[in-house]
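Colleague:
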Amino acid sequence: MILVLVVFVGGVVGAPTRYLVDAFVKKRAGTELPWGTLAVNVIGSAILGLLMGIASRGALPGIVLSLVGTGFCGALTTFSTFSTDTYKLLAAGRGGKALINIAMNLVLGLAAVCLCYLLGRALSG
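Counting with the numbering used here, you get residues 3 to 127 for the letters of the sequence shown.
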């Protein structure tokens, strides 16, 4: 039961953080592409990669992984909004931008996980 509460607390912090980061990025970068969604997805991927790298060395308590990884990052990142944003671009006849959005989320998210995983392992080793 304690892990459910820990995940809940992480989500309570992650969800408004997602909203604020998205709004901040949209205001500065515009809405030609869903930059805010990309930002939260890459940030969340980086945080989770770092945590997983530290955890891979046994240097992170499971409760922290639940709080920050599952709770915070789970609420911060958004596959559903990424999918909806991509659909809206396709429906508006902007297939090229939709493909760019897909590629950026996948490539940058994966790069963030990989690099931060390695960083986490180096910091905890």
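Every residue, glycine too, gets a C-beta built ideally from N, C-alpha and C.
Would you call the region 61-70 in contact with the region 26-35, where contact means no fewer than 3 C-beta pairs closer than 8 Å?
Modeller: No contact exists between the region 61-70 and the region 26-35.
Colleague: Do Gly16 and Leu78 have their C-beta atoms within less than 8 Å of each other?
Modeller: In contact: Gly16 and Leu78 (Cβ atoms closer than 8 Å).
Colleague: Which word fits Pro63, buried or exposed, when buried means at least 16 other C-beta atoms lie within 10 angstroms of its C-beta?
Modeller: Exposed, by the Cβ-count rule.
Colleague: How close, in whole Å, do the beta carbons of Val27 and Trp37 come, if the pair is a contact with beta carbons under 8 Å?
Modeller: About 5 Å separates the two Cβ atoms, so the contact holds.
Colleague: Going by beta carbon distance, what residues of the same chain come within less than 6 Å of Ser126, once the five residues before and after it are set aside?
Modeller: Counting only Cβ-Cβ distances below 6 Å, and skipping sequence neighbours, we find Ile56, Arg59 and Ala61.
Colleague: Beta carbon of Ile104, beta carbon of Thr80: below 8 Å?
Modeller: The answer is no: Cβ separation not under 8 Å.
Colleague: Rounded to the nearest angstrom, how far is the Cβ of Ser47 from that of Ala114, given a contact under 8 Å?
Modeller: Confirmed, Cβ separation roughly 4 Å.
Colleague: Between the C-alpha atoms of Arg20 and Ala93, what's the straight-line distance to the nearest angstrom?
Modeller: Whole-angstrom Cα-Cα distance: 25 Å.
Colleague: Roughly how many angstroms separate the alpha carbons of Ala100 and Val9, rounded to a whole number?
Modeller: About 32 Å.
Colleague: Is Asp24 near Val11, with beta carbons less than 8 Å apart?
Modeller: Not a contact, by the Cβ cut-off of 8 Å.
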